[in-house]
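Engineer: Have a look at the structure that comes next, please.
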Amino acid sequence: MDAVTYPDERVVAFMNENVVPVKVNISSEPLPEQYNVQWTPTLVLADAEDKEHHRTVGWLSPEDLIAPLFHGIGQTHTDRGECSSARTALQRVVSDYPDSDAAPEAPYLSGVVHYKQSDHIHAMNETLTQLREKYPISEWTQRASVYEAA
Amino acid sequence: MGGATSRYVLAAAGFCMSHAIPYRRKARQAGNNMESTRQVASLDEAKSQAAGDGTLVLIDFFNQL
Numbered sequence: 011m012d013a014v015t016y017p018d019e020r021v022v023a024f025m026n027e028n029v030v031p032v033k034v035n036i037s038s039e040p041l042p043e044q045y046n047v048q049w050t051p052t053l054v055l056a057d058a059e060d061k062e063h064h065r066t067v068g069w070l071s072p073e074d075l076i077a078p079l080f081h082g083i084g085q086t087h088t089d090r091g092e093c094s095s096a097r098t099a100l101q102r103v104v105s106d107y108p109d110s111d112a113a114p115e116a117p118y119l120s121g122v123v124h125y126k127q128s129d130h131i132h133a134m135n136e137t138l139t140q141l142r143e144k145y146p147i148s149e150w151t152q153r154a155s156v157y158e159a160a
Numbered sequence: 007m008g009g010a011t012s013r014y015v016l017a018a019a020g021f022c023m024s025h026a027i028p029y030r031r032k033a034r035q036a037g038n039n040m041e042s043t044r045q046v047a048s049l050d051e052a053k054s055q056a057a058g059d060g061t062l063v064l065i066d067f068f069n070q071l
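Residue numbers (our numbering), protein chains in the order written: chain C, 11 to 160; chain F, 7 to 71.
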């Protein structure tokens with residue numbers, strides 16, 4: 011991560027704008043045990059109240075780092091009930107990193123947020139349509155398929 | 007971590023500061039960027055900054071090989 015990913019200008023810009031990063035050696039307890047970290051690198055996105063909202067495990071390229079972290083920001087807003095902000099962050103995953111591994115999950119979660127916001131299950135049907143168009147073989151498309159008749 | 011990572015925090019969460027040293031060396035090698043490098047001494051400080059910024063803390067659990 012230090013050699014390739016963190017020096018990348020896009021990662022720098024993301025870090026500067028969105029997070030306060032801190033490095034913790036896995037051998038320095040108690041944080042690894044507190045966060046149940048078993049492998050490195052593990053990246054945990056948490057808030058100031060110690061609540062974890064998202065994590066990734068394993069090495070990530072610059073492209074594959076930013077997308078899941080944007081997803082994590084969307085997840086954080088979702089956890090907080092901040093629907094509009096959640097959907098904005100999740101939309102960035104799809105618009106800016108459409109080919110990332112994190113991309114197909116973003117429309118799914120955005121659909122969930124939309125459903126919770128609107129209380130109309132039709133939101134999930136729209137999500138399914140979007141997923142079939144952009145990510146037809148994704149597991150998230152499969153998971154959304156149950157809402158076809160919605 | 008290169009010189010461009012001006013905000014990348016160089017702490018080992020206050021529990022084993024020796025692990026932060028290599029990162030400081032790299033920051034020094036980055037010359038002018040060192041001046042703008044934000045450093046925190048602990049996760050608590052990172053959380054405090056995040057609370058003030060309205061952002062999140064990204065904790066990178068690493069293994070120094």
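Cβ atoms here follow ideal geometry from the backbone N, Cα and C, with glycine treated the same way.
Does the beta carbon of C/Y157 come closer than 8 Å to any beta carbon on chain F?
Structural biologist: No, C/Y157 does not count as interfacial toward chain F.
Engineer: Quick check: the Cα distance between C/G121 and C/A133, rounded to an integer number of angstroms?
Structural biologist: 6 Å
Engineer: C/V14: which of C/L75, C/E158 and C/P108 sits nearest, CA to CA?
Structural biologist: C/L75
Engineer: Does C/T66 have its Cβ less than 8 Å from a Cβ in chain F?
Structural biologist: no
Engineer: List the residues of chain F whose Cβ lies closer than 9 Å to the Cβ of C/T52, in chain order.
Structural biologist: I65, D66, F67 and F68
Engineer: Do you know whose CA, among C/H63, C/E73 and C/Y145, lies nearest C/R2's CA?
Structural biologist: Outside the displayed range of chain C (11 to 160) lies residue 2 of chain C, so it cannot be described from this structure.
Engineer: Quick one: using the 10 Å Cβ neighbour count with 16 as the cut-off for buried, is C/Q85 buried or exposed?
Structural biologist: buried
Engineer: Determine the DSSP secondary structure at C/R97, reduced to helix, strand or coil.
Structural biologist: DSSP places C/R97 within a helical segment (H, G or I) once states are collapsed to three.
Engineer: Going along the chain, which residues of its own chain have a beta-carbon closer than 6 Å to the beta-carbon of C/S95, five neighbours each way excluded?
Structural biologist: H87
Engineer: I'd like the ranges of any alpha helix (DSSP H) spanning at least 4 consecutive residues and lying wholly in the region 30-65 of chain C.
Structural biologist: 41-44
Engineer: With a threshold of 8 Å between beta-carbons, can C/L55 be considered close to chain F, or not?
Structural biologist: yes
Engineer: Does DSSP put C/V104 in a helix, a strand or coil?
Structural biologist: In the structure shown, the three-state DSSP call for C/V104 is helix.
Engineer: How about F/N38: is its C-beta nearer than 8 Å to some C-beta of chain C?
Structural biologist: For F/N38, the predicted structure reports a pLDDT of 31, less than 50, and the residue's modelled location is therefore unreliable. The matter cannot be settled from this model.
Engineer: What does the Cβ neighbour count give for C/I36, buried or exposed, with the cut at 16 atoms within 10 Å?
Structural biologist: buried
Engineer: In this structure, does DSSP put C/V14 in helix, strand or coil?
Structural biologist: coil
Engineer: Could you tell me the distance, in whole angstroms, from the CA atom of F/L64 to the CA atom of C/V54?
Structural biologist: 6 Å
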